[in-house]
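One structure is given here, and the rest of the page talks about it.
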Amino acid sequence: MGVARARPVGLHFAPMNREALLTSMYQSMLASLGESRWWPAESPFEMAVGAILTQNTNWKNVERAIDNLKTARALTPEAMATLPSDELAALIQPSGYFRVKAQRLKGLVTFLDQECDGDISLLAERDLDELRPMLLTIKGIGPETADSILLYALGQPSFVVDAYTRRILSRHGLLPEDTHYDEVRDFFMDALDPDPAMFNEYHALLVRVAKDFCLKKAPQCEACPLREYLD
DNA sequence: TGCCAGGCCGGGT
DNA sequence: ACCCGGCATGGC
6 MGVARARPVG LHFAPMNREA LLTSMYQSML ASLGESRWWP AESPFEMAVG AILTQNTNWK
66 NVERAIDNLK TARALTPEAM ATLPSDELAA LIQPSGYFRV KAQRLKGLVT FLDQECDGDI
126 SLLAERDLDE LRPMLLTIKG IGPETADSIL LYALGQPSFV VDAYTRRILS RHGLLPEDTH
186 YDEVRDFFMD ALDPDPAMFN EYHALLVRVA KDFCLKKAPQ CEACPLREYL D
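So the first sequence is residues 6 to 236, counted in my numbering.
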């Protein structure tokens with residue numbers, strides 16, 4: 006399958022299975038970068054809102070939008086359900102795509118109202134394999150947003166894949182650049198224990214590595230925690 | 001000054 | 001199945 010198309014990793018790591026390799030990469034990143042304080046939010050609902058607002062958008066802009074929502078006391082399912090769409094859009098304006106994102110937030114709170122009486126934390130009781138398809142039926146919630154909500158808001162062991170993850174894996178010859186979302190997700194989830202805290206930290210570390218080492222004008226590969234894992 | 005950022009949808013081929 | 005335009009702001 007897609008995973009089988011992965012080129013073998015460099016000779017140095019040829020004897021390692023995927024679990025050993027991914028675990029080793031994780032330990033290397035953690036050892037040199039330390040734990041991340043990733044995606045701080047005051048509530049699971051705020052996390053879910055942030056997951057939608059950050060779609061293709063700089064987190065800095067999202068923080069402004071979240072601040073606006075807090076100031077307007079609109080960062081609750083009830084308030085957000087009541088607020089007219091254009092007023093909601095005005096509050097989240099700094100996050101970009103504000104009209105579509107206002108609709109997406111409306112879709113989220115409608116879903117929460119139907120499924121758990123507006124209490125998103127109740128969803129954590131349900132099974133991941135049941136929950137994920139449900140979230141994906143919400144218009145504006147695709148695979149990455151769904152996994153972000155599952156992992157960060159609900160503490161479910163759903164590995165989050167983003168552009169950085171895909172870039173790093175392909176750069177290191179582990180998967181082709183154009184690998185589909187679910188295949189990349191399976192690449193991690195088939196190999197690693199379903200540990201939400203570890204999935205959380207793993208994703209955070211990959212993003213930090215991408216930003217701090219790979220995406221520099223002059224990429225700092227010599228200092229990169231993953232330098233040993235290059236082909 | 002353009003190009004990009006922790007995507008997703010809808011329509012066309 | 002793949003490709004593309006649209007959605008929009010603030011930072012560098």
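The C-beta atom is built at its ideal place from N, Cα and C for all residues, glycine as well.
Asked	Found
So the alpha helix (DSSP H) H208 belongs to, where does it begin and stop?	201 to 214
If we ignore side chains and look at the alpha-carbon of each, how far apart do M85 and L155 end up?	20 Å
Return the residue from the list L133, E135, D134, V114 that minimises the CA-CA distance to I125.	V114
Please identify the residue among C226, A151, Y207, F218 whose C-alpha is closest to the C-alpha of S29.	Y207
Round the Cβ separation of Q108 and G147 to the nearest angstrom and send it over; I've been treating them as touching at under 8 Å.	No, Q108 and G147 are not in contact; Cβ-Cβ is about 14 Å, not under 8 Å.
DSSP on K221, reduced to helix/strand/coil?	coil
Just how far apart, CA to CA, sit I173 and L211?	8 Å
Under 8 Å, do D167 and E149 count as touching if we go by C-beta distance?	yes
D183 to R176, Cα distance in whole Å?	12 Å
Can you list, in chain order, the residues of its chain whose CB lies under 6 Å from that of A209, leaving out five sequence neighbours each side?	S41, W43
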